[in-house]
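Enquirer: Residue numbers (our numbering): 343 to 647. Think of the CB as a built atom: it goes at the ideal place given N, C-alpha and C, for glycine as much as any other residue. The structure under discussion is supplied below as C-alpha cells; questions concerning it will follow.
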C-alpha cells in the first residue's frame, strides 16, 4: 500500500479508509483501500495458502463497483466522472498465487502446467482491469511482483532444502515471477496502445511499476539506498526472521527499522516502501511509460475538470 499512503501525503489527502469500515460519502469520494491480507488473483490460491477468507481480486473489484454506484448516486454524474476518472487505481497482486504454486504441490497439480497457470493469472488480471475500466477507472498503476527468492520468507524456504534443490527452487520461482511480470507489462502496453478516443479503451492510461527490477537493484546495492540489511525480516524469529511470524513468542524486532528493507517475511518496512515510492512516483528506469506523478497530473479527455 506504499503508493496510496505516500501519495496521499504529497497531495495532502486523507489516508485511504478500509473498504469494510464505516466509510463516509466524503471518504468514498477521496480514497478507499480494498486490499485484503492474503488476497490473490485466483480464489483457490488464497485457500491453498491458508487464507480462505481473504477477498480475492474479483471480490475487491465487485466491492469497488458497488462504491462507484454510490459515488454516482451521491455526487451526480459530472462530479462522479471527475472522481472516478481522475482517481489513481493501484493494483498489486500475484505473489500469493505464485507462492501457492511453488509451495503447495497439491495445488500446483490441480491448476496444471506452469505456462497454463501463468496464462490464467494474466487473463484474470486483464478481466479485472476491463471491469474497473467499465466502472470509470482511467488511471491505473500495475505493480509487478518482486523477486520472491530475495524475501526473508523465500530465503527461509529455500534454506530448508538441500543446497541444489534450494538453488533450483529460487531460480524456478523467480523465473515464474519474471514471466508473469512480462505478461502484465505487455498487457499495459497493449491497453495503452488501444486508448485513443475512437478505440475500445478510450482515455485509459496505465503505468507499469517494475518492483522486481527495483528490489533486485536495492538488494544488490543496499548502501546506495541507505539499507544495511536486505535479507532478514525486522520483525520475526528464527532463520532470516521468517521462521516465526511477527508477534510470535519467539519473534523479535530489529533495532534500526529504517535500515532494514523488510518488515516481515514478505512486506517492506516503512523505509523500504518510501524508497520504492520515490522510484515509482518521481520517475526512474523502473516505471514505464512514465512516472506515477505524471499520471496523477494527466488530464483525461471528456472529464469535467
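Tell me which residue opens and which closes the alpha helix (DSSP H) that residue 639 is part of.
Expert: The residue you call residue 639 lines up with position 297 of the chain shown. From DSSP, the alpha helix (DSSP H) with residue 639 extends over 634-639.
Enquirer: Look at residue 533 and residue 464 and say whether their C-beta atoms are less than 8 Å apart.
Expert: Counting from 1 along the chain shown, the entry for residue 533 is found at position 191. Counting from 1 along the chain shown, the entry for residue 464 is found at position 122. Cβ distance not < 8 Å, so residue 533 and residue 464 don't count as in contact.
Enquirer: Taking only runs that begin and end inside the region 470-510, name each unbroken beta strand (DSSP E) of 3 or more residues, in chain order.
Expert: List check, beta strand (DSSP E) in window: 481-485.
Enquirer: Does residue 483 pass the burial test, meaning 16 or more other C-beta atoms within 10 Å, or should it be called exposed?
Expert: By one-based count along the chain shown, residue 483 stands at place 141. The residue in question, residue 483, is buried, as its Cβ has 16 or more Cβ neighbours within 10 Å.
Enquirer: Secondary structure at residue 401, three-state DSSP: helix, strand or coil?
Expert: On the chain shown, residue 401 is found 59 positions in, with the first residue counted as 1. Three-state result, residue 401: helix.
Enquirer: What are the start and end residues of each continuous alpha helix (DSSP H) run of 4 or more residues lying completely inside the region 373-450, in chain order?
Expert: 385-390, 399-417, 419-428 and 437-445, all fully within the region 373-450.
Enquirer: Relative to the C-alpha of residue 495, which candidate in 486, 566 and 582 has its C-alpha closest?
Expert: Counting from one through the chain shown, the residue named residue 495 turns up at place 153. Among 486, 566 and 582, the Cα nearest to that of residue 495 belongs to 582.
Enquirer: Whole angstroms is fine: what's the gap from residue 529's alpha carbon to residue 618's?
Expert: Translated into the one-based positions of the chain shown, residue 529 becomes position 187. Translated into the one-based positions of the chain shown, residue 618 becomes position 276. Residue 529 and residue 618: Cα-Cα distance of roughly 22 Å.
Enquirer: Please go through the same chain and pick out, in chain order, the residues whose beta-carbon is closer than 6 Å to the beta-carbon of residue 559, but skip the five residues on each side of it.
Expert: Residue mapping note: residue 559 aligns to position 217 of the chain shown, counting from 1. Nothing listed; no residue qualifies.
Enquirer: Between the region 599-616 and the region 508-516, can you find at least three pairs of beta-carbon atoms closer than 8 Å?
Expert: With a cut-off of 8 Å, the region 599-616 and the region 508-516 do not count as touching, because too few Cβ pairs lie within range.
Enquirer: Which word fits residue 627, buried or exposed, when buried means at least 16 other C-beta atoms lie within 10 angstroms of its C-beta?
Expert: Counting from one through the chain shown, the residue named residue 627 turns up at place 285. It is exposed - the Cβ of residue 627 has fewer than 16 other Cβ atoms within 10 Å.
Enquirer: DSSP on residue 594, reduced to helix/strand/coil?
Expert: If you number the chain shown from 1, residue 594 lands on position 252. The answer is strand: DSSP assigns residue 594 an E or B state.
Enquirer: Kindly confirm or deny that the region 538-547 and the region 560-576 touch, where touching means at least three C-beta pairs closer than 8 Å.
Expert: No, because fewer than three Cβ pairs between the region 538-547 and the region 560-576 fall closer than 8 Å, the two stretches do not touch.
Enquirer: Between the region 407-419 and the region 390-397, can you find at least three pairs of beta-carbon atoms closer than 8 Å?
Expert: These segments do not touch.
Enquirer: If you check the beta carbons only, do residue 500 and residue 488 fall under 8 Å apart?
Expert: In the chain shown, counting from the first residue as 1, residue 500 sits at position 158. In the chain shown, counting from the first residue as 1, residue 488 sits at position 146. For residue 500 and residue 488, no; Cβs fall outside 8 Å.
Enquirer: Quick check on the DSSP output: the beta strand (DSSP E) that includes residue 604 runs from which residue to which?
Expert: Looking up residue 604 in the chain shown gives position 262. From DSSP, the beta strand (DSSP E) with residue 604 extends over 602-604.
Enquirer: If you draw a straight line from the C-alpha of residue 430 to the C-alpha of residue 375, how long is it?
Expert: Working through the chain shown from its first residue, we reach residue 430 at position 88. Working through the chain shown from its first residue, we reach residue 375 at position 33. C-alpha separation (whole angstroms): 12 Å.
Enquirer: Would you verify that the beta carbon of residue 601 is, or is not, closer than 8 Å to some beta carbon of chain C?
Expert: Chain labels in this structure do not include chain C; a single protein chain is all it has.
Enquirer: Where do the ends of the beta strand (DSSP E) carrying residue 550 lie?
Expert: Sequence index remark: in the chain shown, residue 550 carries index 208 (1-based). 547-551 is the extent of the beta strand (DSSP E) around residue 550.
Enquirer: Span of the beta strand (DSSP E) holding residue 615?
Expert: The residue labelled residue 615 in the question sits at position 273 within the chain shown. First-last for residue 615: 612-623, but that is the alpha helix (DSSP H), not the beta strand (DSSP E).
Enquirer: Could you tell me the alpha carbon to alpha carbon distance between residue 395 and residue 636, rounded to whole angstroms?
Expert: Within the chain shown, the letter at position 53 stands for residue 395. Within the chain shown, the letter at position 294 stands for residue 636. Straight-line Cα distance between these residues: approximately 36 Å.
Enquirer: Going by the CB atoms, is the gap between residue 403 and residue 485 shorter than 8 Å?
Expert: As a working note, residue 485 is residue 143 in the chain shown. As a working note, residue 403 is residue 61 in the chain shown. Against a cut-off of 8 Å, the Cβ pair of residue 403 and residue 485 comes out as no contact.
Enquirer: Thinking C-alpha only, which one of 405, 584, 466 and 397 is nearest residue 604?
Expert: Mapped onto the chain shown, residue 604 falls at position 262. Per the Cα distances, 584.
Enquirer: How close, in whole Å, do the beta carbons of residue 543 and residue 475 come, if the pair is a contact with beta carbons under 8 Å?
Expert: As a working note, residue 543 is residue 201 in the chain shown. As a working note, residue 475 is residue 133 in the chain shown. The Cβ separation is near 6 Å, so the contact holds.
Enquirer: On the three-state DSSP scale, how would you describe residue 512?
Expert: On the chain shown, residue 512 is found 170 positions in, with the first residue counted as 1. Helix, per DSSP.
Enquirer: Going by the beta-carbon positions, is the gap between residue 493 and residue 608 smaller than 8 Å?
Expert: As a working note, residue 493 is residue 151 in the chain shown. As a working note, residue 608 is residue 266 in the chain shown. Contact: yes.
Enquirer: Cutting at 7 Å between CB atoms, please list the residues of its own chain near residue 343, excluding the five before and the five after it.
Expert: Reading the chain shown from its first residue, position 1 is the one you call residue 343. Since pLDDT at residue 343 reaches only 49, below the 50 mark, its modelled position is unreliable, and the value read off the structure follows with that caveat. Cβ neighbours of residue 343 beyond the five flanking positions: 375 and 377.
Enquirer: What are the partner residues of residue 630, as DSSP defines its beta bridges?
Expert: Taking the first residue of the chain shown as 1, we reach residue 630 at position 288. Per DSSP, 550.
Enquirer: Can you give me the start and stop residues for the beta strand (DSSP E) that residue 540 sits inside?
Expert: The residue given as residue 540 occupies position 198 in the chain shown. First-last for residue 540: undefined, no H or E at that position.
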